[in-house]
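Please read the structure below before turning to the comments.
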Amino acid sequence: MKIHEHQAMEIFGEYGLPVSAFDVVTSPAAARAAAESRGGSVVIKAQVHVGGRGKAGGVKLARDAGEAERHAERILGMDIKGLTVEKVVVAEVVDIDREYYIGIVVDRATKKPVYMVSSEGGVDIEAVASETPEKIHKHSVNPERGLSDAEAAELAAKIESDPLVAAQVADAILKLYAAFVGSDASLAEINPLVVTSDGIVRAIDAKMNIDDNALYRHEDIAAMRDTSTDTVELTKARELGMSFVKLDGNVGCLVNGAGLAMTTMDLIKQHGGEPANFLDIGGSSNPDKVATALEIITSDPKVRSVLINIFGGITRCDDVARGLVHAMERVNTDVPLVVRLTGTNAEEARSVLADHDLMTADTLDEAVEKVIALAGRDS
Ligand code: GDP
Ligand code: MN
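If you number the sequence shown the way the working numbering does, the last residue is 1045 and the count never jumps.
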């Protein structure tokens, strides 16, 4: 789950990171008032779930409260990469001497958090990463031991030579790691971490993505979810405890289990098709869930056929088949369905489906070939 900059700032502050003081406002008049209370000069920052706000005109410095109000007026309602700005942060302004980058992501290849630091922080870190990757220093962290003071000092020394400043950078590096682990984040980033002209280190931007599977133990963070840009489909799926990810293809997938869903998508690709979505209905044959899943998938006009791939373990195939029949009665769709059910009570399931207008397949390969043919390979 993505959270907004101001929410990440709040968490970073709790972990002792040197973040700027700020207010979150939704109107130009409130921006003016916030600027006045901070002595006039502030930075106005759009709160949207995309990077590169600065370049898109979503970050503006204001010298006085009047200018703060005008900037807020322009930024509120602005479209940044397809997202409408509904909130802005009014933050105290910082006098910047140099801008660094510090960030942590989970590296799937090494199965460890990887720390990245660079002296080339600011708005162009993506360009630095692709054009001069040697300027980004990487360090793999042992997740069981955590990050030691010595490792943090070593990373800090790669980007800052002044020992008084480097000590503050090392401290920020440690605290960001603590915030990353403590919040079950999959990404935590400060870009830029700045050094002021007085040699003080400050975090003036904050980004954090949280592992959805860990949200159950962070009620406070789960409550930060901004659903204003979620589609109806996504919200429905989440309410029923299903994982739904929309993709660009035309073959809809309704599967039980995340691993099986991945395999199904891989096979569709391997046979030359393009999956339209990832949808894991979980371990339930509840007809309501199956019907909603079908509604979600077929509401995408690009979907030309749907593969229903169910492995019956504890879930019984005949239950799923009956759920499917009920679902078909509720969902009005012309999109052809191909059903492959295997495992517990698969035989009984087949006879349930045989009585209805549902195409079945005995093997997964056969099902995938059928569903791709129905979608039309060239469209
Ligand atoms: P992003 O473009 O979405 O990453 O937004 P940032 O919060 O990183 O802001 C973009 C840029 O605006 C920063 O790299 C800074 O150069 C500048 N900026 C942001 N806050 C301040 C501030 O308090 N003072 C000054 N001088 N510049 C700022
Ligand atoms: Mn930034």
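Positions of the beta carbon are idealized from the N, C-alpha and C atoms, including for glycine.
Closer than 5 Å from C-beta to any heavy atom of the ligand GDP: which residues, in chain order? The set, ordered by position in the chain, is Val709, Arg719, Gly720, Val725, Val759, Val760, Ile762, Gly788, Val789, Pro858, Ile870, Asp871.
Helix, strand or coil, according to DSSP, for Val1034 in the structure here? Here residue 1034 is taken as the residue at index 368 of the sequence shown, counted from 1. Correct three-state label for Val1034: helix.
Proximity of Ala701 and Ala722 at Cβ, strictly below 8 Å: The sequence position of residue 701 within the sequence shown is 35, counting from 1. The sequence position of residue 722 within the sequence shown is 56, counting from 1. Taking 8 Å as the cut-off, the beta carbon of Ala701 is found no closer than this to the beta carbon of Ala722.
The alpha helix (DSSP H) enclosing Ile962, as first and last residue numbers: For this step, residue 962 is matched to residue 296 along the sequence shown. Residues 953–964.
Mind checking who His937 pairs with in its DSSP beta bridge? Residue numbering aside, residue 937 sits at position 271 when the sequence shown is read from its first letter. The partner list for His937 (beta bridge, DSSP) is empty, contrary to what the question assumes.
With DSSP collapsed to three states, give me the class of Lys912. Within the sequence shown, residue 912 is the residue found at index 246, counting from 1. Strand, per DSSP.
Nearest by alpha-carbon distance to Ala851: which of Ala697, Glu676, Val972, Met667 is it? What you label residue 851 is simply residue 185 of the sequence shown in a count that begins at 1. Closest by alpha carbon: Met667.
Roughly how many angstroms lie between the CA atoms of Glu752 and Gln673, to the nearest whole one? Here the question's residue 752 lines up with position 86 in the sequence shown. Here the question's residue 673 lines up with position 7 in the sequence shown. Near 15 Å, if we compare the C-alpha coordinates of Gln673 and Glu752.
Checking 8 Å against the spacing of the C-beta atoms, do Val691 and Val756 come in under that value? Position 25 of the sequence shown, counted from the first residue, corresponds to residue 691. Position 90 of the sequence shown, counted from the first residue, corresponds to residue 756. Cβ distance < 8 Å, so Val691 and Val756 count as in contact.
Cβ-Cβ separation, Gly769 to Glu855 (assumed contact under 8 Å), whole Å: Along the sequence shown, read from residue 1 onward, the residue named residue 855 stands at position 189. Along the sequence shown, read from residue 1 onward, the residue named residue 769 stands at position 103. Yes, Glu855 and Gly769 are in contact; Cβ-Cβ is about 4 Å, under 8 Å.
With three or more C-beta pairs closer than 8 Å as the rule, is the region 794–801 touching the region 729–743? Result no; under three Cβ-Cβ pairs closer than 8 Å.
Quick check: Pro941 and Ile934, are their CB atoms within less than 8 Å of each other? For the purposes of this step, residue 941 is identified with residue 275 of the sequence shown, where counting begins at 1. For the purposes of this step, residue 934 is identified with residue 268 of the sequence shown, where counting begins at 1. The Cβ-Cβ distance between Pro941 and Ile934 falls below 8 Å.
Element boundaries [beta strand (DSSP E), containing Leu900]: Working through the sequence shown from its first residue, we reach residue 900 at position 234. Boundaries around Leu900 are those of the alpha helix (DSSP H), 898–905, since no beta strand (DSSP E) includes it.
Residues in the same chain with beta-carbon distance under 7 Å from Ile870, minus the five sequence neighbours each way, listed in chain order, please. Position 204 of the sequence shown holds residue 870. Answer for Ile870: Ser686, Val760, Pro858, Val860, listed in chain order.
Under three-state DSSP, which class holds Thr929? Taking the first residue of the sequence shown as position 1, residue 929 is located at position 263. Here Thr929 sits in helix by DSSP.
Tell me the residue span of the beta strand (DSSP E) that contains Gly784. Within the sequence shown, numbered from 1, the residue matching residue 784 stands at position 118. Note that residue 784 is Ser in the sequence shown, not Gly. In the DSSP assignment, Ser784 falls within the unbroken beta strand (DSSP E) covering 778–784.
Beta carbon of Leu830 nearer than 8 Å to that of Gly788: Walking along the sequence shown from the start, residue 830 turns up at place 164. Walking along the sequence shown from the start, residue 788 turns up at place 122. Cβ distance not < 8 Å, so Leu830 and Gly788 don't count as in contact.
Identity of the residues DSSP links to Asp689 by a beta bridge: Mapped onto the sequence shown, residue 689 falls at position 23. Under DSSP, Asp689 shares a beta bridge with Val756.
Kindly indicate the opening and closing residues of the beta strand (DSSP E) around His805. Walking along the sequence shown from the start, residue 805 turns up at place 139. Residues 802–806.
Leu1030 and Leu1003 closer than 8 Å at C-beta: Looking up residue 1030 in the sequence shown gives position 364. Looking up residue 1003 in the sequence shown gives position 337. Inclusion of Leu1030 and Leu1003 in the CB contact set at 8 Å is not warranted, their separation being larger than that value.
Return the chain-ordered ranges of every beta strand (DSSP E) run that is complete within the region 835–910 and spans a minimum of 3 residues. With a minimum length of 3 residues, the continuous beta strand (DSSP E) runs that stay inside the region 835–910 are 851–862, 867–869, 873–876.
Coarse secondary structure for Ala728, derived from DSSP in three states: The residue labelled residue 728 in the question sits at position 62 within the sequence shown. In this structure, Ala728 counts as strand in the three-state DSSP scheme.
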